[in-house]
């Protein structure tokens, strides 16, 4: 009897093999799920941190790319027999001098034209509504053009609209202060990068094994040289575009020409689509004069775009960075979404650097397998 009871108790206390397997596998499963959850949370936290510091990171990259754009000029001066410290001082001095002269000559005119824009906006809408071409378009579309123009005029001339767009006086003031602070930060950081670029490269090379150090340095030199040549060429092209646009707008009497030329200088730094955006913007403002003026302005700018694409760009930029147009558009869109205009400017050099690394490191590694 006792043996039967013991046998029954042992049978009840000892789990079946399937039950035992469940208990054995439950621990690793729980740990695996916990590890996955922690990994996801850490990834989300890292993404939040990157989004929070995207602006200072963009400023750092912007300063670094300015440095890479100045490096070919410094190397050229060194090839002419000038010592590197003297070449650095010459480039920085000339750059600051040009920046000061441009600010001294352009800023007063821009401020004046912005004031004129604020004063003449209502008159401009009234003049456009009386143009024969506008009346013809309005008649063709049963008054839709007048309704659209009145809606735009109501929004533009409403102070509450600009207050809401700017976020109030405090937000506008903070934006101005942030812009000034960012500019000073970029200038100081660029000065530091220009002086210590060689030491930064050497310090970076120490982070890789000695057997791979020479290859890494070759790739680094290729990236800095290609991106630097590209950035220098793009600055020259943007300056030429802005000067040509200013001449065209002055000849045809397009209003606010200085403001539009300054915008064109920065917008055309965006590869592939910058010139198109600048042309559309200038043509739209030229419509305030007449459709014929806008047509001639658009034709001149389109012809210049072709000359820039097939004559100037191959000679100035050359083949410093060969990157597909689709990647240019994707990079510009992602950069603009993350950090506005500055992000769009920085996106292309970043994409070009990644493409060089893929070609020099990842592709050869895959070929050896």
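Residue numbers (my numbering): 70 to 438. We put the beta carbon where it would ideally sit given N, CA and C, even for glycine. Note that the structure is a prediction, hence the values are computed from the model and not measured.
The alpha helix (DSSP H) with residue i in it runs from where to where?
i, result
"residue 346", "343-355"
"residue 141", "123-148"
"residue 200", "Looking at the DSSP string, residue 200 is not in any alpha helix (DSSP H), and its letter there is neither H nor E."
"residue 385", "382-385"
Apart from the five residues just before and just after residue i, which ones in its own chain have a Cβ nearer than 7 Å to its Cβ?
i, result
"residue 260", "161"
"residue 136", "259, 262, 263 and 266"
"residue 403", "416"
"residue 317", "366, 369 and 370"
"residue 308", "334"
"residue 281", "none"
"residue 399", "none"
"residue 293", "137 and 140"
Could you tell me the alpha carbon to alpha carbon distance between residue i and residue j, rounded to whole angstroms?
i, j, result
"residue 126", "residue 144", "27 Å"
"residue 420", "residue 250", "27 Å"
"residue 343", "residue 204", "33 Å"
"residue 356", "residue 201", "13 Å"
"residue 359", "residue 154", "54 Å"
"residue 432", "residue 285", "15 Å"
"residue 173", "residue 385", "28 Å"
"residue 350", "residue 363", "11 Å"
"residue 315", "residue 106", "57 Å"
"residue 171", "residue 302", "20 Å"
"residue 112", "residue 121", "14 Å"
"residue 149", "residue 287", "24 Å"
"residue 451", "residue 214", "In this structure the chain extends from 70 to 438, so residue 451 is not present and cannot be described."
"residue 109", "residue 429", "32 Å"
"residue 152", "residue 361", "55 Å"
Under the three-state reduction of DSSP, which class applies to residue i: helix, strand or coil?
i, result
"residue 337", "coil"
"residue 239", "With a pLDDT of only 43 at residue 239, under the threshold of 50, the placement of this residue in the model should not be trusted; the figure read from the coordinates follows. If DSSP states are grouped into helix, strand and coil, residue 239 belongs with the helices."
"residue 316", "helix"
"residue 438", "coil"
"residue 331", "helix"
"residue 210", "coil"
"residue 396", "helix"
"residue 359", "coil"
"residue 322", "coil"
"residue 286", "helix"
"residue 277", "coil"
"residue 152", "coil"
"residue 93", "Confidence in residue 93 is poor, its pLDDT being 47 and thus under 50, which makes the residue's placement unreliable; the coordinate value appears in the next sentence. Residue state, collapsed to three classes: helix."
Within its chain, find whatever has a CB closer than 6 Å to the CB of residue i; leave out the 5 residues flanking it on each side and keep chain order.
i, result
"residue 313", "373"
"residue 405", "412 and 413"
My understanding is that residue i touches residue j, with C-beta atoms under 8 Å, so please give their C-beta distance in whole angstroms.
i, j, result
"residue 326", "residue 336", "In fact, because the Cβ distance is near 15 Å, the residues do not count as touching under 8 Å."
"residue 276", "residue 134", "Not really, about 21 Å apart at Cβ, beyond 8 Å."
"residue 320", "residue 354", "In fact, because the Cβ distance is near 15 Å, the residues do not count as touching under 8 Å."
"residue 418", "residue 298", "About 11 Å; that fails the 8 Å criterion."
"residue 306", "residue 217", "Their Cβ separation, rounded to whole angstroms, is 36 Å, which puts residue 306 and residue 217 out of contact at 8 Å."
"residue 156", "residue 165", "Incorrect: roughly 15 Å between the Cβ atoms, too far for contact."
"residue 304", "residue 169", "Between residue 169 and residue 304 the Cβ distance is about 17 Å, and since that is not below 8 Å, they are no contact."
"residue 296", "residue 422", "6 Å"
"residue 340", "residue 378", "Not confirmed; about 11 Å, so no contact."
Who are the Cβ neighbours of residue i in its own chain at under 8 Å, not counting the five residues just before and after it?
i, result
"residue 131", "255, 411, 414 and 415"
"residue 434", "none"
"residue 289", "270, 273 and 274"
"residue 119", "126"
"residue 380", "none"
So, does the CB of residue i fall closer than 9 Å to a CB anywhere in chain B?
i, result
"residue 254", "Although the question refers to chain B, the structure presented lacks it and comprises just one protein chain."
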